[in-house]
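Residue numbers (numbering that gives the first Met the number 0): 0 to 207.
All C-beta atoms, glycine included, are put in the ideal place defined by N, C-alpha and C.
Below is one structure, written out as structure tokens; the observations come after it.
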Amino acid sequence: MTRKAHHNEHASANTDHVDDTLHSTEEAPGPTDASEGSAEAQTEPDVESLRQEVETLRARVQELEKHLERERHLHLRALADFQNYKRRADEQRSEIVQFANREMMLGLLPILDNLERALAAAEQTHSYEALVGGVALTLRQMQEYLKKNGVEAIEALGKEFDPNLHEAVMRVEDSEHPENTVVDEVQKGYMMHSRVLRPTMVKVARSS
Numbered sequence: 000m001t002r003k004a005h006h007n008e009h010a011s012a013n014t015d016h017v018d019d020t021l022h023s024t025e026e027a028p029g030p031t032d033a034s035e036g037s038a039e040a041q042t043e044p045d046v047e048s049l050r051q052e053v054e055t056l057r058a059r060v061q062e063l064e065k066h067l068e069r070e071r072h073l074h075l076r077a078l079a080d081f082q083n084y085k086r087r088a089d090e091q092r093s094e095i096v097q098f099a100n101r102e103m104m105l106g107l108l109p110i111l112d113n114l115e116r117a118l119a120a121a122e123q124t125h126s127y128e129a130l131v132g133g134v135a136l137t138l139r140q141m142q143e144y145l146k147k148n149g150v151e152a153i154e155a156l157g158k159e160f161d162p163n164l165h166e167a168v169m170r171v172e173d174s175e176h177p178e179n180t181v182v183d184e185v186q187k188g189y190m191m192h193s194r195v196l197r198p199t200m201v202k203v204a205r206s207s
């Protein structure tokens, strides 16, 4: 075989090898297509998971909004009930203040009636004794009524002066009584249920 023929045969073999390589390369799947398919397959579940999470959060928000609305209605109802209660309480308090002394006033009316009868009898008979007797009877009735309601006179005469119970209007020289002894009552004082309604106005002894 000549050198030229051998060269041509070798070139033809190389050409066939190149064609086979190109053909196999065209048939083989490219790595880019495979990676893209894998990325798409991985992305689809992530999107679906996010969609489900959004739906769950949306449902939770709606549930919380409904709960908040119920609580708002309950609050408004409680506020309205409280305002109605306060209004009724104010009305009752006003009535209590207005009529607090009603029973006491009713109890005083019979005493007033007796005093008027005593004066009427004294005018008819022109009797001083009848007037004095009627007034004395009315006074006893009044004292009993006050005691029944927890009001009693403060004992002061002959007692040691007590600034919590007595009010000194004068100090007088008195050798018969110890210093600071009450020797005279100018105006009687009263207590109601152990609390001073009015202190007794007194004269107090002072040593000479």
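Report yes if the C-beta distance between valine 181 and valine 168 is below 8 Å; otherwise report no.
No, the pair does not count as a contact, with Cβ atoms beyond the cut-off.
May I have the straight-line CA-CA distance separating arginine 197 from serine 126, to the nearest angstrom?
Rounded to whole angstroms, arginine 197 to serine 126 spans 35 Å at the Cα level.
Any beta strand (DSSP E) of 3 or more consecutive residues that is wholly inside the region 97-179:
If only uninterrupted beta strand (DSSP E) runs of at least 3 residues are considered, those enclosed by the region 97-179 are 150-152 and 165-172.
Using the rule of at least 16 other Cβ atoms within 10 Å of the residue's Cβ for burial, across every protein chain shown, is valine 203 buried or exposed?
Buried is the call here.
Distance between beta carbons of alanine 119 and leucine 130, contact taken as under 8 Å
Wrong, their Cβ atoms sit about 10 Å apart, outside the cutoff.
Could you tell me whether the region 64-80 touches the region 96-115, using the rule of 3 or more Cβ pairs below 8 Å?
These segments do not touch.
Please determine, among Glu70, Gln51, Asn179 and His74, the residue with the shortest C-alpha to C-alpha distance to glutamate 166.
Considering only alpha carbons, the answer is Asn179.
So, under 8 Å CB-CB, aspartate 173 and arginine 139 are touching, yes? Tell me the CB distance rounded to an integer number of Å.
Going by Cβ atoms, the distance from aspartate 173 to arginine 139 rounds to 32 Å, so no, they are not a contact pair.
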